[in-house]
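> Under this note's numbering, think of the first position of the sequence shown as 100, with each following residue one higher. Even glycine gets a Cβ: it sits at the ideal position worked out from N, Cα and C. All figures in this text were calculated on a predicted structure; none of them were measured in a lab.
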Amino acid sequence: MPATLQAGARANTLNGLLKRGWIVEAGDGHLLTDAGYAAIGQHRPSRPPPIDDSPARDSVQLCRPGTKLAKVVAALQNSDGATIFQLMCCTDWQAHTIRGALSGMVRKKLGLNMVTTKAAGGERVYHIA
Numbered sequence: 100m101p102a103t104l105q106a107g108a109r110a111n112t113l114n115g116l117l118k119r120g121w122i123v124e125a126g127d128g129h130l131l132t133d134a135g136y137a138a139i140g141q142h143r144p145s146r147p148p149p150i151d152d153s154p155a156r157d158s159v160q161l162c163r164p165g166t167k168l169a170k171v172v173a174a175l176q177n178s179d180g181a182t183i184f185q186l187m188c189c190t191d192w193q194a195h196t197i198r199g200a201l202s203g204m205v206r207k208k209l210g211l212n213m214v215t216t217k218a219a220g221g222e223r224v225y226h227i228a
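Following this line, the structure appears as structure tokens:
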């Protein structure tokens, strides 16, 4: 919702969406339901399988454990690598932030050799060589 929406209007809007079944409460926020996606004429985006962000064997600890950058490095160390979408899901960053982190932090500051591959018609996959 827009930040300019006042508290009373925000509460009324959320109550209306909840009554229609377009959103459900999730933790301290709300999630759009299938009916909600249908109401706005879109399909629910499919989520990729979760990335195993446990430290890879023989890996060097390059950044603080538990940080989002550590999750990115761990995902890139997987044998399958990771796509931008998978990295977005595990860090809650936007695509341009992921690309900046890959270029600025992973390649330049950490000095890791990152390799990218792209299948015909598929997404680009990044992994550390």
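1) Near Ile197, what residues of its chain come up, given a Cβ to Cβ distance below 8 Å and the 5 sequence neighbours on each side ignored?
2) Which of the three DSSP states is assigned to Gly203 in this structure?
3) Of the choices Leu168, Thr103, Trp192, whose alpha-carbon is the least far from that of Leu209?
4) Using the three-state DSSP reduction, which class does Leu211 fall into: helix, strand or coil?
5) Identify every residue that forms a DSSP beta bridge with His129.
6) On the DSSP bridge assignment, give the partners of Thr182 in chain order.
7) Just how far apart, CA to CA, sit Leu131 and Ile122?
8) Which first and last residues belong to the alpha helix (DSSP H) in which Asn114 is found?
9) Mark Ala200 as exposed unless 16 or more other C-beta atoms lie within 10 angstroms of its C-beta, in which case mark it buried.
10) According to DSSP, simplified to helix, strand and coil, what is Thr216?
The answer reads as follows:
1) Taking the sequence shown and counting its residues from 1, one reaches residue 197 at position 98. Excluding positions up to five away in sequence, the list reads Val171, Ile183, Leu186, Met187, Thr190.
2) Taking the sequence shown and counting its residues from 1, the one referred to as residue 203 is at position 104. The answer is helix: DSSP assigns Gly203 an H, G or I state.
3) Residue numbering aside, residue 209 sits at position 110 when the sequence shown is read from its first letter. It is Leu168.
4) In the sequence shown, the residue the question calls residue 211 occupies position 112. It is coil, neither helix nor strand.
5) Here residue 129 corresponds to residue number 30 of the sequence shown, with the count starting at 1. His129 pairs with Glu124.
6) Within the sequence shown, the letter at position 83 stands for residue 182. DSSP, once it has assigned bridges, lists Val224 as partnering Thr182.
7) Locating residue 131 in the sequence shown gives position 32, where the first residue counts as 1. Locating residue 122 in the sequence shown gives position 23, where the first residue counts as 1. Spanning the two alpha carbons is a distance of roughly 4 Å.
8) Counting from 1 along the sequence shown, the entry for residue 114 is found at position 15. That run of the alpha helix (DSSP H) goes 106-119.
9) Taking the sequence shown and counting its residues from 1, one reaches residue 200 at position 101. With 16 or more other Cβ atoms within 10 Å, it is buried.
10) Position 117 of the sequence shown, counted from the start, is the residue given in the question as residue 216. Reduced to three states, the DSSP call for Thr216 is strand.
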